[in-house]
Amino acid sequence: MTHLSNYGNDRLGLYTFKRLLNFLLTWTHLKLQTLPPLQLAEKYFHLFPSDAQPLWQDPCEDKRHKDIWSKEKTCDRFPKLLLIGPQKTGATALYLFLGMHPDLTSNYPSKETFEEIQFFSGHNYHRGIDWYMEYFPLPSNSSSEYYFEKSANYFDSDVAPSRAAALLPRAKIITVLSDPADRAFAWYQHQRAHADPAALKYSFHDVITASQNAPVKLQILQKRCLVPGWYATHLRRWLDHYHHSQILVVDGQTLKTDPASVMEKIQTFLGLENRVDYHKILATSTIRLVMLSINFWAKS
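Here the sequence shown is numbered in the UniProt record's numbering, starting from 1 and rising by one per residue.
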């Protein structure tokens, strides 16, 4: 416990703890006990299980933390925007459109999960913030750089909102929502295309109407089809950690039919001074082919 005084708390010396212990021994009937470090840790986490998982915070939020952080590191490397999904609503298309803006820079692709880092929602979180920062380029002298990342499983994750808010309290959040029935069917088709045994064996109707007594694999598929579509539940969780002014909900249907107007709204939401005319960008034949391929991918 004594090392806490050197990490952003009051500058207490060891003598302070010695005097406190002497006071307790002299003036109280408390019987103090101790354990070896490993056993003490096990005891502590048994009493406070919620503390067993780390919660990474922004080192630059507190000047005392920043002062003891490596001078070679910078918090400017953290993203200012999270595109949180959910899956099969058009988030990948929006990710590509954002990347067309000269001031928006996405993360480096992951060898394991393609363009998604999936830091806040899974085991990658335990790799730490240094690992996370390595997915973003070192900032240049330009003040207009705006880093972002997309991980579609953040939206319905139980832990992603609290973890993201701890590390990126000022970040902007964008989610793309479409008809939950369409989203569920798109995920079912996606799993069929990837040869999921349950998706190949059962019809979509069988999947969404399966009972609690259904085979485990069928229940898992049903959960992935339906649970991300519980939009109110998941949005409420994000609103518990971010102010509503930091969250933008994009209509997936509008993104599909009029992406330029959506991108205009997003540029306003992000406060970008360099405004890009997406009507011109998306009018090129190359971009149209990309959009067609995205629409086909979303249905398959």
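We put the CB at the ideal spot given by N, CA and C, even for glycine.
Predicted model, so just to flag it, every value in this text is computed and none were measured.
field: First and last residue of the uninterrupted beta strand (DSSP E) at residue 150
entry: 146 to 150
query: Below 8 angstroms, can you find three or more Cβ-Cβ pairs linking the stretch 157 to 164 to the stretch 111 to 129?
result: yes
- prompt: With distances taken from CA atoms, which of 55, 262, 253 and 97 is nearest residue 178?
  reply: 253
query: Name the DSSP bridge partner or partners of residue 172?
result: 81
message: Looking at the secondary structure, which residues open and close the alpha helix (DSSP H) in which residue 38 lies?
response: 37 to 47
- request: Starting from residue 106, follow the beta strand (DSSP E) in both directions and report where the run begins and ends.
  value: 104 to 106
message: What does DSSP give as the partner residue(s) for residue 114 in the beta ladder?
response: 110
query: For residue 192, which residues of its own chain have a beta-carbon under 8 angstroms away from its beta-carbon, when the five flanking residues on both sides are left out?
result: 199 and 200
Euclidean distance between Cα positions of residue 88 and residue 94: 12 angstroms
query: Helix, strand or coil: how does DSSP classify residue 98 here?
result: In the structure shown, residue 98 sits in a helix (DSSP, three-state: H, G or I).
message: Does the stretch 202 to 209 come into contact with the stretch 239 to 254, if we say contact requires no fewer than three beta-carbon pairs (one atom in each stretch) closer than 8 angstroms?
response: No, the stretch 202 to 209 is not in contact with the stretch 239 to 254.
- prompt: For residue 51, does the three-state DSSP call read helix, strand or coil?
  reply: When DSSP states are grouped into helix, strand and coil, residue 51 belongs to the helix group.
field: The beta strand (DSSP E) enclosing residue 248, as first and last residue numbers
entry: 247 to 251
query: Considering only the beta carbon of each residue, do residue 259 and residue 183 sit closer than 9 angstroms?
result: no
task: Hey, could you find the ends of the alpha helix (DSSP H) residue 86 is sitting in?
output: Premise fails: residue 86 is in no alpha helix (DSSP H) and is neither H nor E.
query: Can you tell me the Cα-Cα spacing of residue 4 and residue 139, whole angstroms?
result: A caution first: residue 4 carries a pLDDT of 48, below 50, which makes its placement in the model too unreliable to give a value.
query: Would you report the Cα separation of residue 257 and residue 75, rounded to the nearest angstrom?
result: 37 angstroms
query: Looking at residue 188 and residue 221, is the spacing between their C-beta atoms short of 9 angstroms?
result: yes
message: Using 8 angstroms as the cut-off, can you tell me whether the stretch 93 to 109 makes contact with the stretch 267 to 283, which would need three or more C-beta pairs spanning the two stretches below that distance?
response: yes
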